[in-house]
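Colleague: In our numbering, the protein residues as written are 7 to 331.
What follows is a structure written as structure tokens; I'll ask about it next.
As structure tokens, then:
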């Protein structure tokens, strides 16, 4: 093995000063030294000028992304009265986007259901829940002392998809549930829980908020790629941004579960039906699905614990009697 410095001879002759640590030799990692010791070093000191430029660009992109997002005071939600950072402050834009995307979503799930009775049941339940939302808004108006109103034109559609157990909502009020999920439900209360949850996504403008966050994280991921200077660095930065966005997605789901509890009761249904709904979803996902940190949805078991806490919080004296199961 070749050592980084010359070995002394048997007579302990001093090593040549040119390659060792003689009294006049400068430290080998110093930034000074005679010109001949600096041969081959790139200008700019320890960091090359190209790296400095990339770091400056990256910092500028991060600063721009954070200021653009967190510097925005947010738009007032016309239903809740709370401020939210969204990509589209105009609710009409949200509704236009939802209507534009709806036909494609319907097509992907085999079209609208041909079961007229079931489709009518979904539509009727949606209208009951919207009536419950109006009651909640009246309570909120008295609490805040402001006037609130629902700007969205909700539509509730049963999809003919017999395999995909799912329900979802588009920005602006387009709410969908598949036949695969509808057929698994055990009560009207569970249907109320599904649709109430999806109404919550629309009310809290989760899709709109996510677009604003995606814009911010997309710029930050671009900054990561600029700093690393390689495609691999950009991919790693994007993967990290995606994981952070997934955590936001899980928060959105829990917020919507809270809406499910609230709207169930306001529409005359026992909110504990939400617990039965989570069991249905758990049974529909054999093997437990992907790890929670890699999913936008919390695991049903964790959601059950959260729903139980919400029920105690919303109804500290117990769930009112006389509600439909």
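Glycine included, every Cβ here is placed at the ideal spot set by N, Cα and C.
Between the C-alpha atoms of residue 156 and residue 59, what's the straight-line distance to the nearest angstrom?
Modeller: The sequence position of residue 156 within the chain shown is 150, counting from 1. The sequence position of residue 59 within the chain shown is 53, counting from 1. If you take the alpha carbons of residue 156 and residue 59, they lie about 49 Å apart.
Colleague: Compute the distance between the beta-carbons of residue 266 and residue 280, then report whether it is under 8 Å.
Modeller: Translated into the one-based positions of the chain shown, residue 266 becomes position 260. Translated into the one-based positions of the chain shown, residue 280 becomes position 274. Yes, they are a contact pair.
Colleague: Please list the segments of the alpha helix (DSSP H) lying wholly inside the region 167 to 236, counting only runs of 4 or more residues, in order along the chain.
Modeller: Whole alpha helix (DSSP H) segments, 4+ residues: 185 to 188, 194 to 209, 212 to 234.
Colleague: Could you give the DSSP three-state label for residue 118: helix, strand or coil?
Modeller: Position 112 of the chain shown, counted from the first residue, corresponds to residue 118. Correct three-state label for residue 118: strand.
Colleague: Secondary structure at residue 286, three-state DSSP: helix, strand or coil?
Modeller: The sequence position of residue 286 within the chain shown is 280, counting from 1. Helix.
Colleague: Are the beta-carbon atoms belonging to residue 131 and residue 197 less than 8 Å from one another?
Modeller: For the purposes of this step, residue 131 is taken as the residue at position 125 of the chain shown. For the purposes of this step, residue 197 is taken as the residue at position 191 of the chain shown. Their beta carbons are under 8 Å apart, which means residue 131 touches residue 197 by this criterion.
Colleague: Can you tell which of 314, 140, 277 has its C-alpha closest to the C-alpha of residue 327?
Modeller: Translated into positions along the chain shown, residue 327 becomes position 321. Minimum Cα distance to residue 327 is reached at 277.
Colleague: Roughly how many angstroms separate the alpha carbons of residue 291 and residue 153, rounded to a whole number?
Modeller: Locating residue 291 in the chain shown gives position 285, counting from the first residue. Locating residue 153 in the chain shown gives position 147, counting from the first residue. Cα-Cα distance, rounded: 43 Å.
Colleague: For the alpha helix (DSSP H) containing residue 311, name the first residue and the last one.
Modeller: Numbered from its first residue, the chain shown carries residue 311 at position 305. That run of the alpha helix (DSSP H) goes 306 to 320.
Colleague: So, residue 161 versus residue 119, is the Cβ gap smaller than 8 Å?
Modeller: Residue mapping note: residue 161 aligns to position 155 of the chain shown, counting from 1. Residue mapping note: residue 119 aligns to position 113 of the chain shown, counting from 1. Against a cut-off of 8 Å, the Cβ pair of residue 119 and residue 161 comes out as no contact.
Colleague: Cutting at 6 Å between CB atoms, please list the residues of its own chain near residue 212, excluding the five before and the five after it.
Modeller: Here the question's residue 212 lines up with position 206 in the chain shown. These residues qualify, in order along the chain: 258.
Colleague: For residue 76, does the three-state DSSP call read helix, strand or coil?
Modeller: By 1-based counting over the chain shown, the position of residue 76 is 70. Helix, per DSSP.
Colleague: For the 8 Å Cβ check, are there 3 or more pairs between the region 201 to 210 and the region 171 to 189?
Modeller: Yes, the region 201 to 210 touches the region 171 to 189.
Colleague: Here's a check: name, in chain order, each residue in its chain whose Cβ is nearer than 6 Å to the Cβ of residue 104, leaving out the five neighbours to either side.
Modeller: Against the chain shown, residue 104 aligns to sequence position 98. The answer, listed in chain order, is 176, 177, 178, 180.
Colleague: From which residue to which residue does the beta strand (DSSP E) around residue 162 run?
Modeller: By one-based count along the chain shown, residue 162 stands at place 156. Segment 161 to 165, the beta strand (DSSP E) holding residue 162.
Colleague: According to DSSP, residue 90 sits in a beta bridge with which residue or residues?
Modeller: What you label residue 90 is simply residue 84 of the chain shown in a count that begins at 1. According to DSSP, residue 90 bridges with 81.
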